[in-house]
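With UniProt numbering as the guide, the letters of the sequence shown map in order to residues 1 to 827.
Glycine included, every Cβ here is placed at the ideal spot set by N, Cα and C.
Everything numeric in this text was worked out from a predicted model, so none of it was measured.
Take a look at the structure set out below.
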Amino acid sequence: MDSQPDEELVESNANSRNWKGIGISLLVIIFVCLLILIAVLAKKPPKLSEFEQKPFSLDDIMYKNFETKRFNGIWTNDESFVYQTDHHNLMIFNCKTGKEKVLMSNNTIKQLVGDKFKFSVSNDPTFILIGYDMKNLYRHSIIARYKLFNTISNVSYDVLPTEVYSTDRIQNAVLSSNSRKLAFVYENNIYLMEEFFDGSKKSKKITHDGNDSYIYNGITDWLYEEEILYQTNAIWWSPDNYKLAYIKFNDSMVNFYEFPNYDGTPYGKINKIRYPKPDTPNPTARIYIYDTRIDSNIMLEIPNTISIDPNNCYIWSVKWLSENSLIVVYVNRRQNRAFTAIYDAASGSTFYRKDYPTAPMTHYDGWFLPHGLLASSRYNYYFQIWPYEGFKAIISFDTRSAEAHPVTNHNFDVIDMVSFNEKTGDLFYLATNGDPKQKHLFRNRVNDASRTGECLTCNSSFTMPFEDPSAHTHSLASENNCLYHSASFSNTGDYYVLECLGDRIPITYIKSAENSSYNYVLETNDELRHLVNSKILPRKSYLRVPLDNSTNFYADAEILYPPNFNPTQNIYPVLVYVYNGPTSQVVDYQFRIRKFETYLCVNYGIIIATIDGRGTDSNGDKFMKAVSKRLGELETLDQIALANALKKEIYTDNDRFAIWGWSYGGFLSSYALFQEKSPFKCAVSGAPVTDWLMYDSTYTERFLGSYAENRHAYERSNLTLLAKNNARFLGRRKMLLIHGTGDDNVHFQQSAVLTKVLRTTKLDLEFEVYPDVQHTPDEETQRHLYQKITKFLLTCYNINYHQFYEQLNYHHLINDVSTSSKSDDSE
Numbered sequence: 001m002d003s004q005p006d007e008e009l010v011e012s013n014a015n016s017r018n019w020k021g022i023g024i025s026l027l028v029i030i031f032v033c034l035l036i037l038i039a040v041l042a043k044k045p046p047k048l049s050e051f052e053q054k055p056f057s058l059d060d061i062m063y064k065n066f067e068t069k070r071f072n073g074i075w076t077n078d079e080s081f082v083y084q085t086d087h088h089n090l091m092i093f094n095c096k097t098g099k100e101k102v103l104m105s106n107n108t109i110k111q112l113v114g115d116k117f118k119f120s121v122s123n124d125p126t127f128i129l130i131g132y133d134m135k136n137l138y139r140h141s142i143i144a145r146y147k148l149f150n151t152i153s154n155v156s157y158d159v160l161p162t163e164v165y166s167t168d169r170i171q172n173a174v175l176s177s178n179s180r181k182l183a184f185v186y187e188n189n190i191y192l193m194e195e196f197f198d199g200s201k202k203s204k205k206i207t208h209d210g211n212d213s214y215i216y217n218g219i220t221d222w223l224y225e226e227e228i229l230y231q232t233n234a235i236w237w238s239p240d241n242y243k244l245a246y247i248k249f250n251d252s253m254v255n256f257y258e259f260p261n262y263d264g265t266p267y268g269k270i271n272k273i274r275y276p277k278p279d280t281p282n283p284t285a286r287i288y289i290y291d292t293r294i295d296s297n298i299m300l301e302i303p304n305t306i307s308i309d310p311n312n313c314y315i316w317s318v319k320w321l322s323e324n325s326l327i328v329v330y331v332n333r334r335q336n337r338a339f340t341a342i343y344d345a346a347s348g349s350t351f352y353r354k355d356y357p358t359a360p361m362t363h364y365d366g367w368f369l370p371h372g373l374l375a376s377s378r379y380n381y382y383f384q385i386w387p388y389e390g391f392k393a394i395i396s397f398d399t400r401s402a403e404a405h406p407v408t409n410h411n412f413d414v415i416d417m418v419s420f421n422e423k424t425g426d427l428f429y430l431a432t433n434g435d436p437k438q439k440h441l442f443r444n445r446v447n448d449a450s451r452t453g454e455c456l457t458c459n460s461s462f463t464m465p466f467e468d469p470s471a472h473t474h475s476l477a478s479e480n481n482c483l484y485h486s487a488s489f490s491n492t493g494d495y496y497v498l499e500c501l502g503d504r505i506p507i508t509y510i511k512s513a514e515n516s517s518y519n520y521v522l523e524t525n526d527e528l529r530h531l532v533n534s535k536i537l538p539r540k541s542y543l544r545v546p547l548d549n550s551t552n553f554y555a556d557a558e559i560l561y562p563p564n565f566n567p568t569q570n571i572y573p574v575l576v577y578v579y580n581g582p583t584s585q586v587v588d589y590q591f592r593i594r595k596f597e598t599y600l601c602v603n604y605g606i607i608i609a610t611i612d613g614r615g616t617d618s619n620g621d622k623f624m625k626a627v628s629k630r631l632g633e634l635e636t637l638d639q640i641a642l643a644n645a646l647k648k649e650i651y652t653d654n655d656r657f658a659i660w661g662w663s664y665g666g667f668l669s670s671y672a673l674f675q676e677k678s679p680f681k682c683a684v685s686g687a688p689v690t691d692w693l694m695y696d697s698t699y700t701e702r703f704l705g706s707y708a709e710n711r712h713a714y715e716r717s718n719l720t721l722l723a724k725n726n727a728r729f730l731g732r733r734k735m736l737l738i739h740g741t742g743d744d745n746v747h748f749q750q751s752a753v754l755t756k757v758l759r760t761t762k763l764d765l766e767f768e769v770y771p772d773v774q775h776t777p778d779e780e781t782q783r784h785l786y787q788k789i790t791k792f793l794l795t796c797y798n799i800n801y802h803q804f805y806e807q808l809n810y811h812h813l814i815n816d817v818s819t820s821s822k823s824d825d826s827e
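Okay, structure coming up:
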């Protein structure tokens, strides 16, 4: 049979079949390309141009996490630390090998204690102490349930007194360094667990006088937690794990402050807190040493000196020098003299005493508080930060001769001591390097006569990995210099975690103290970077503001400008955000999103300005202590100096300047508004101190002295007296006063007393009261609070706020807020 008919048939249908095949092929190619594109996009995060940026919203303030992921690890031995991952696994990382493994999985933790927990480990990571079901008390203190988890046997134990059978909350728990002993506090008494590692649950009560009214063993009372130790723990294990030092606080002479709790019952409840105020009795504190081997408690007597009244002083810091020696630093009530004693742990006797007068090392009148405490038994030294020749410096003290020598002698401030390497004699510390906004890591050998130190980060590059950051790659690309650092060293100082915290998105490295080429990326904050890149944010700049001519002082200010800032075409309202508490600092290169201020700047075209005026930290001793016995006066002049500097600019509206702050910032915003020639038309004052006689004794007497000796200083800092004296100037000004009735720190009475005075003036006053809300408002309160402040400011600035609760049309709104003409007069 001939094949020709079949060939003709193929020839006659060729065109239609080819078009069909081509179409199918194209579809296949397109489909494959799409798959490749999807895979690439899934692996690679979008660039800034690949998504639409949105204005910073009120929901961003409330719900978006713009916080930096900081190092949360705890060093165990020379080369390892335990840290918590984003998925709540507890990992142990070995710096020497660069390897890590799961120490406790998130599934195990979730089954054991749930999703919310805190953890602690010691040098031996066999046991992990897990706190859960936590309840906040005050700023630092919590009560929680605790479990000990054995990472080898996977067995857990409840931490409770033997006689208690329910899983009740306890107040504090501290592991010994070898993880074989645990001290914990229950109902204000200290208990000891020693035999949990063999599977038994036994505890021993080592104090018996604790009660919830006035005796606190191993935990701080309200005053020490808030103003002195800044923590709830008051227990310290000795290096040999056989002894523990603890503080017993006696508040029996401290007066109660009472305030109502609006719990919905017919008569409500009354909260009572032991809260000493100026010139009233303070708590007494005593150090004890308990020896676990012989079951003995020794009280350490406070030596009689010309500086310290044993019955009216503070225990400022505690540190084990060796397994047999304990260092205790005492400060007098006025907080301008200090005394250090070193005790023999066995007998309780002192073999070293050092008295610190205010002169000659502190050249300026004011408070004197030794900061930090590092000790070296090998070198027979301990180190503290003192004022020295105008700046904060590290001083070494010989425990044999009691001689003191400066280790550093910079013309700028040392901020903190980080580590002392016993093997090399290297002391690591953080300092400003001459710019108060910066913080760098330095190294100085204690026997170096030059005392200049070596800056390890001043020329460091801010680096990012080329590849996936989870791979901890060593391949890095330089972006710019890092200007603000934090560091955490291993117990021997061989390795350290270095956090580059600004001014860009932070990144965390692991480094070797001996090998500068060792550079291991631990965290890159990619999620934060992506979130920040998705938002329209202000433009930021810094300004050096000259203060009054008599001092030659300059202060650093931070300015946030609206994203589409145009200095030649628009005129903008200005909001000064103030805190400026003594020894504080808010203007620096650390990366942060000031969320509420960013929201106001981006959505309403408000310029935000912040200044670190006199009294703040990192700018020398004279600058910081200028406010001694003058609280409110100089800081307010510096806020006004900032406002006046901005008023000279063509793009600011002189009639639309306002100021706002919380706590000490609330005090200063009120103080500034009440001035005769205030540049501010409006002020928002949150939880302000209005009369320092009603604030706590330690903080107030540190900066003002006693009322009996410095009555005039208290009166000059009193807002009620200032409002009375300047009442005739307040008629054209507006004020929003905010306070929670449950504030345990700055009591509601402060605002209540001020309101009674302001009612008699012509000030346009709004008073927002939040029942049962504490000093730091809860999340539910914050939303209402920010809405309230925003509406008040928009009214002050004469900005239309009818769209406030609706989705904002960003570009339209920004164009609407700059319609006022610039005036010449502030009044």
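Count the other C-beta atoms from every protein chain shown that fall within 10 angstroms of the C-beta of residue 829, then say buried if there are 16 or more, exposed otherwise.
Since the first residue shown for the chain is 1 and the last is 827, residue 829 is missing from the structure and cannot be characterised.
Is Val602 helix, strand or coil by DSSP?
helix
Quick check: the region 738–755 against the region 697–712, are at least 3 beta-carbon pairs closer than 8 Å?
no
Option in Ser322, Asp344, Phe259 and Asp355 with minimal Cα separation from Thr304
The displayed chain sequence assigns Asn, not Thr, to residue 304. Cα-wise, what sits closest to Asn304 is Asp355.
Element boundaries [alpha helix (DSSP H), containing Ile523]:
Reading the sequence as shown, one finds Glu at residue 523 and not Ile. Careful: Glu523 lies outside any alpha helix (DSSP H), inside the beta strand (DSSP E) at Asn519 to Glu523.
Under the three-state reduction of DSSP, which class applies to Thr795: helix, strand or coil?
helix
Among Asp309, Leu374 and Ser252, whose alpha-carbon lies nearest the alpha-carbon of Val318?
Leu374
For the beta strand (DSSP E) that Ile298 lies in, which residues bound it at each end?
Ser296 to Leu300
Counting only the same chain and skipping the five closest in sequence on each side, list residues whose C-beta sits under 8 Å from that of Asn447.
The residues are Gly425.
Buried or exposed: where does Arg333 fall if 16 or more other Cβ atoms within 10 Å of its Cβ makes it buried?
Arg333 comes out buried.
Of all the options Leu160, Arg169 and Gln231, which has the alpha carbon lying nearest to the alpha carbon of Lys202?
Leu160
Throw me the rounded Cβ distance for the Phe729 and His739 pair, which I believe falls under 8 Å.
Phe729 to His739, Cβ: 24 Å. No contact.
Near Tyr805, what residues of its chain come up, given a Cβ to Cβ distance below 7 Å and the 5 sequence neighbours on each side ignored?
Note that Tyr805 has pLDDT 39, beneath the 50 cutoff, so the model's placement of it is unreliable and the number below is only indicative. Around Tyr805: no qualifying Cβ.
Spell out the partners DSSP gives Val574 in its beta bridges.
Ile607 and Phe657
With a 10 Å radius around its C-beta and 16 neighbouring C-beta atoms as the bar for buried, classify His208 as buried or exposed.
It is exposed - the Cβ of His208 has fewer than 16 other Cβ atoms within 10 Å.
If you run the structure through DSSP and keep just helix, strand and coil, what is His530?
Here His530 sits in helix by DSSP.
Alpha carbon to alpha carbon, how far is Asp158 from Leu192?
13 Å
Helix, strand or coil at Tyr63 [DSSP, three-state]
helix
Using DSSP bridges, identify the partner residues of Asn728.
It is Arg, not Asn, that sits at residue 728 in the sequence shown. DSSP output for Arg728 lists no bridge partner at all.
My understanding is that Met134 touches Ile142, with C-beta atoms under 8 Å, so please give their C-beta distance in whole angstroms.
Contact flag correct, Cβ pair sits at about 5 Å.
What residues in its chain sit with their C-beta under 6 Å from that of Val684, if we drop five residues either side in the sequence?
Trp660, Leu736 and Ile789
Quick check: the region 85–92 against the region 102–110, are at least 3 beta-carbon pairs closer than 8 Å?
yes
Label Val773 either buried or exposed according to how many other C-beta atoms from any shown protein chain fall within 10 Å of its C-beta, with 16 as the threshold for buried.
buried
Excluding sequence positions up to five away, which residues of its chain have a Cβ less than 6 Å from the Cβ of Lys595?
Ile61
Once you ignore the five residues that flank Ile206 on each side, which residues in its own chain have a CB closer than 6 Å to its CB?
Ile190, Leu192 and Tyr290
Tell me whether the region 333–343 and the region 595–604 touch, counting them as touching only if at least three CB pairs, one residue from each stretch, are closer than 8 Å.
no
Which partner residues of Val331 appear in the DSSP bridge assignment?
Tyr314 and Ala338
Tell me whether the beta-carbon of Phe680 lies closer than 8 Å to the beta-carbon of Ala658.
With respect to Ala658, Phe680 sits close: the two C-beta atoms are nearer than 8 Å.
For the beta strand (DSSP E) that contains Thr284, what are its first and last residues?
Thr284 to Asp291
Would you list the residues sitting across from Thr557 in a DSSP beta bridge?
First, the amino acid is wrong: residue 557 is Ala here, not Thr. According to DSSP, which records beta bridges pairwise, Ala557 is partnered with Leu543 and Ile611.
When Ala687, Gly686 and Leu668 are compared against Ser678, the one with the closest alpha-carbon
The shortest Cα separation from Ser678 among Ala687, Gly686 and Leu668 belongs to Leu668.
Exposed or buried, what is Leu137 when buried is set at 16 or more other beta-carbons lying within 10 Å of its beta-carbon?
exposed
One or two residues paired with Leu137 in a DSSP bridge
Leu137 is not bridged to any residue.
So the candidates are Ser486, Pro567 and Leu456; which of them puts its Cα closest to the Cα of Leu646?
Pro567
Coarse secondary structure for Ala752, derived from DSSP in three states:
helix
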